[in-house]
Every structure is written in C-alpha cells, then in structure tokens.
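Chemist: Numbering (our numbering), first residue to last: 238 to 521. The beta carbon of each residue, even a glycine, is placed where N, CA and C say it ideally should be. No experiment lies behind these values; they were computed from the predicted model shown. Attaching a single structure in structure tokens format; questions to follow.
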Ligand SMILES: C[S@@+](CC[C@H](N)C(=O)[O-])C[C@H]1O[C@@H](n2cnc3c(N)ncnc32)[C@H](O)[C@@H]1O
C-alpha cells in the first residue's frame with residue numbers, strides 16, 4: 238500500500254488513543270453490525286472479491302472473519318492505532334491476511350481492490366465523504382464494492398450527556414473544544430444521513446443499498462453505558478484530560494451520573510439504544 242496519495246490533502250486525523258481491552262468488553266454487541274453489514278455485500282457485489290481491505294480494523298478479529306468468508310481473497314486490515322494493530326498482528330496469515338499500521342486518510346492501494354469494508358471507523362475521519370468519492374472512482378475495481386457502517390448522526394442521549402458535562406463551568410475551559418469538535422460524539426460530527434450517502438454514491442454511478450438500524454443493547458453491570466463509551470466516543474474527552482488522574486475520575490463521575498439518568502438501570506439490565514447507518518455501494 239502506498240503511504241500517501243500525491244496531490245490530495247485532507248484534514249489531519251482525530252488523535253484519539255485506543256484501548257483494545259476496553260473496546261472488546263462489549264465484543265458481541267460491537268460485532269453484530271459488522272456481520273449485518275457484510276451479510277449484504279453479496280447482494281450488491283457480483284463476484285467474490287480477490288482483494289479486501291478493512292479500514293479501521295481495530296483488534297482484527299472481525300477482519301479475520303473476512304478471510305474466512307472469502308478463502309481465495311487477500312485481506313488487509315488498516316488501523317492508525319499502534320495498540321490495536323499490536324492486538325491484530327498475531328492473527329496474520331501469510332499471503333492471506335495482514336495488518337498495516339496506517340491512517341485511513343493515508344491509505345491508497347498499489348492496485349484497485351475489489352472490496353473495502355469499514356465498520357465503526359469512518360466517523361473518526363473528518364474527510365471521509367470526500368475520500369468515499371475518490372475511492373469509488375480510483376481505489377476500487379469496476380464491479381467492486383465499498384461497505385461501511387457508522388453511528389447515525391443526531392443527538393443520542395449519550396452524546397448530549399458528554400457535551401452537557403463538558404460544557405459545564407467545572408470543565409468548559411478544558412473540554413468545550415472537544416464537545417464542539419468533529420469526533421463522533423462532538424457536535425460537528427462528519428457523519429451523514431443514510432440518504433445523503435446514498436445520493437453521493439448513486440450520483441457516482443454506484444448501485445447503493447443504504448439503511449439504518451437501531452440496536453437495543455441490553456447491558457449488564459454497573460454503569461455499563463459509561464464503560465461502553467469509555468472504549469469509543471468518550472475517548473476524545475478522556476484524552477484531553479490525560480495525565481490528570483483526578484480530573485479523569487471526576488469527569489467520569491459526572492458523566493456516569495448523567496448517563497444513569499438518561500439510561501436507567503432495569504431489573505434485567507440497562508438498555509442502550511444505538512442507531513447505526515449502513516451503506517453498501519457497488520461500482521458498476
Ligand atoms: C470503534 S473501533 C472499530 C474497530 C473494528 N472495525 C470493529 O468493528 O471492531 C474504531 C477503529 O478505528 C480506528 N481509527 C480511528 N480513526 C482512524 C484513522 N483516522 N485511521 C485509521 N484508523 C482509525 C481506531 O484506531 C479503532 O481501531
């Protein structure tokens with residue numbers, strides 16, 4: 238994979254740290270949209286892919302399922318987190334499955350690929366809408382497919398809780414900029430609606446299957462919604478406080494209170510509704 242595409246400049250990636258262990262605490266719930274997405278690839282793609290890339294592959298366990306599903310394909314996982322790639326690399330299968338430590342913004346294939354998959358990662362890439370157009374035109378083969386899933390835009394109760402606590406007088410000077418930022422739980426999320434993605438990709442000549450699903454995750458234990466987002470959407474806030482353990486503890490306590498109100502604990506667990514956008518676009 239070439240490191241950078243000459244002549245194209247995009248915004249810098251959001252610098253967020255990732256903790257594979259925390260992320261994998263809800264492995265089954267996080268895997269479900271990936272499988273729901275990949276299940277639709279065959280509906281749009283008209284042949285088995287020979288080359289597959291998983292952008293924002295995380296710890297790689299889902300990337301490995303792509304190699305299982307298409308045994309003749311060469312599969313590459315790409316991720317900008319050194320910790321995630323370190324977790325993924327032991328899953329390497331020489332000639333069949335490998336992992337590259339690289340930002341999505343810098344990814345460019347040596348030759349066009351047949352299938353690009355990206356699950357729960359493009360919301361971290363502010364330039365992804367522009368990149369989708371470029372990939373469709375130049376980075377995938379005719380007949381190839383791009384399949385991605387992102388959290389749907391719009392004010393989830395969790396995003397509102399993070400921003401409300403971050404904008405309070407106790408935290409505003411350190412966290413207001415994060416709340417305003419372009420991360421998936423910031424107010425300027427780069428994520429578009431399903432119909433906007435459909436319109437963009439259909440205008441580029443793709444056959445597009447776009448849809449939205451709300452999962453009702455029933456989570457066990459105490460403060461599970463805080464734990465869930467500590468692995469993803471809360472990370473930019475925690476990163477901004479990194480090195481100040483007392484501030485991290487106090488901020489998490491404030492967020493936990495707000496989340497308990499927004500997502501009450503029931504006798505059977507805590508329900509986290511999570512709306513996700515799916516797009517599978519086949520290049521004709
Ligand atoms: C929510 S995790 C999803 C991981 C995996 N796709 C899955 O479904 O389990 C988001 C992943 O995107 C990666 N990521 C975020 N921004 C990125 C970027 N600009 N370039 C490459 N990877 C990025 C993170 O390191 C993280 O591993």
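1) Within 8 Å, do at least three Cβ pairs link the stretch 395 to 411 to the stretch 353 to 370?
2) What three-state label does DSSP hand residue 246 in the structure shown?
3) Counting along the chain, where does the alpha helix (DSSP H) carrying residue 371 start and finish?
4) Measuring alpha carbon to alpha carbon, tell me which of 388, 288, 330 ends up nearest residue 382.
5) Is the separation between the beta-carbon of residue 390 and that of residue 450 shorter than 8 Å?
6) Quick one: is the Cβ of residue 358 within less than 7 Å of any heavy atom of ligand 1?
7) Measure the Cβ-Cβ separation of residue 344 and residue 315 and say whether it is below 8 Å.
8) Could you give the DSSP three-state label for residue 262: helix, strand or coil?
9) Only counting the same chain, and skipping five residues up and downstream in sequence, which positions put a Cβ closer than 7 Å to that of residue 495?
10) Taking only the alpha-carbon atoms, compute the straight-line gap between residue 474 and residue 259 and give it to the nearest angstrom.
11) For residue 341, is the beta carbon positioned less than 7 Å from some heavy atom of ligand 1?
12) Rounded C-beta distance between residue 333 and residue 311? I'm assuming under 8 Å.
13) Tell me the rounded alpha-carbon separation between residue 245 and residue 346.
14) Flag this pair as yes or no: are the beta carbons of residue 516 and residue 438 separated by less than 8 Å?
15) Are residue 453 and residue 373 closer than 8 Å when you measure CB to CB?
16) Determine, using beta carbons only, whether residue 293 and residue 324 come nearer to each other than 8 Å.
17) Helix, strand or coil for residue 459 per DSSP?
18) Identify the continuous beta strand (DSSP E) that holds residue 378 and give its terminal residues.
19) For residue 241, does the three-state DSSP call read helix, strand or coil?
20) Let me know the secondary structure DSSP gives residue 509 once reduced to three states.
21) Using DSSP with H/G/I as helix, E/B as strand and the rest coil, what is residue 497?
22) Can you find a heavy atom of ligand 1 that lies under 7 Å from the Cβ of residue 267?
23) Quick check: the Cα distance between residue 255 and residue 261, rounded to an integer number of angstroms?
Modeler: On the basis of the coordinates in this document:
1) The stretch 353 to 370, when compared against the stretch 395 to 411, does not touch it at the 8 Å Cβ threshold.
2) Locating residue 246 in the chain shown gives position 9, counting from the first residue. Because the pLDDT of residue 246 is 33, which lies under 50, any placement of that residue in the model is unreliable, and the number read from its coordinates should be weighed accordingly. When DSSP states are grouped into helix, strand and coil, residue 246 belongs to the coil group.
3) What you label residue 371 is simply residue 134 of the chain shown in a count that begins at 1. Counting along the chain, residue 371 sits inside the alpha helix (DSSP H) bounded by residues 365 to 371.
4) Position 145 of the chain shown holds residue 382. Distances from the alpha-carbon of residue 382 to those of 388, 288, 330 put 288 closest.
5) Against the chain shown, residue 390 aligns to sequence position 153. Against the chain shown, residue 450 aligns to sequence position 213. No, Cβ-Cβ distance for residue 390 and residue 450 is not below 8 Å.
6) Here the question's residue 358 lines up with position 121 in the chain shown. At least one heavy atom of ligand 1 is found less than 7 Å from the C-beta of residue 358.
7) The residue you call residue 344 lines up with position 107 of the chain shown. The residue you call residue 315 lines up with position 78 of the chain shown. Going by C-beta atoms, residue 344 is nearer than 8 Å to residue 315.
8) Against the chain shown, residue 262 aligns to sequence position 25. Three-state DSSP puts residue 262 in a helix.
9) Position 258 of the chain shown holds residue 495. Only 398, 401, 402 meet the Cβ criterion.
10) For the purposes of this step, residue 474 is taken as the residue at position 237 of the chain shown. For the purposes of this step, residue 259 is taken as the residue at position 22 of the chain shown. Approximately 16 Å, taken between the alpha carbons.
11) By one-based count along the chain shown, residue 341 stands at place 104. Short note on residue 341: C-beta closer than 7 Å to some heavy atom of ligand 1.
12) Sequence index remark: in the chain shown, residue 333 carries index 96 (1-based). Sequence index remark: in the chain shown, residue 311 carries index 74 (1-based). Sure, about 6 Å apart at Cβ, within 8 Å.
13) Against the chain shown, residue 245 aligns to sequence position 8. Against the chain shown, residue 346 aligns to sequence position 109. In this prediction, residue 245 scores a pLDDT of 34, lower than 50, which makes its location untrustworthy; the coordinate-derived value is nonetheless stated afterwards. Rounded to whole angstroms, residue 245 to residue 346 spans 15 Å at the Cα level.
14) Translated into positions along the chain shown, residue 516 becomes position 279. Translated into positions along the chain shown, residue 438 becomes position 201. For residue 516 and residue 438, yes; Cβs fall inside 8 Å.
15) If you number the chain shown from 1, residue 453 lands on position 216. If you number the chain shown from 1, residue 373 lands on position 136. In this structure, residue 453 lies away from residue 373, with their beta-carbon atoms at least 8 Å apart.
16) Along the chain shown, read from residue 1 onward, the residue named residue 293 stands at position 56. Along the chain shown, read from residue 1 onward, the residue named residue 324 stands at position 87. Cβ distance not < 8 Å, so residue 293 and residue 324 don't count as in contact.
17) Stepping through the chain shown from its first residue, residue 459 is reached at position 222. Judged by DSSP in its simplified three-state form, residue 459 adopts coil rather than helix or strand.
18) Taking the chain shown and counting its residues from 1, the one referred to as residue 378 is at position 141. 377 to 388 is the span of the beta strand (DSSP E), which, as asked, contains residue 378.
19) In the chain shown, residue 241 corresponds to position 4, counting from 1. Low local confidence applies: a pLDDT of 32 at residue 241 is under 50, so the model's placement there is unreliable, and no value is given.
20) Counting from 1 along the chain shown, the entry for residue 509 is found at position 272. If DSSP states are grouped into helix, strand and coil, residue 509 belongs with the strands.
21) The sequence position of residue 497 within the chain shown is 260, counting from 1. Looking at residue 497 - three-state DSSP - the assignment turns out to be helix.
22) Residue mapping note: residue 267 aligns to position 30 of the chain shown, counting from 1. Shortest gap from the CB of residue 267 to any heavy atom of ligand 1: under 7 Å.
23) As a first step, residue 255 is located in the chain shown; it is residue number 18 there, counting from the start. As a first step, residue 261 is located in the chain shown; it is residue number 24 there, counting from the start. Cα to Cα, the separation comes out at about 11 Å.
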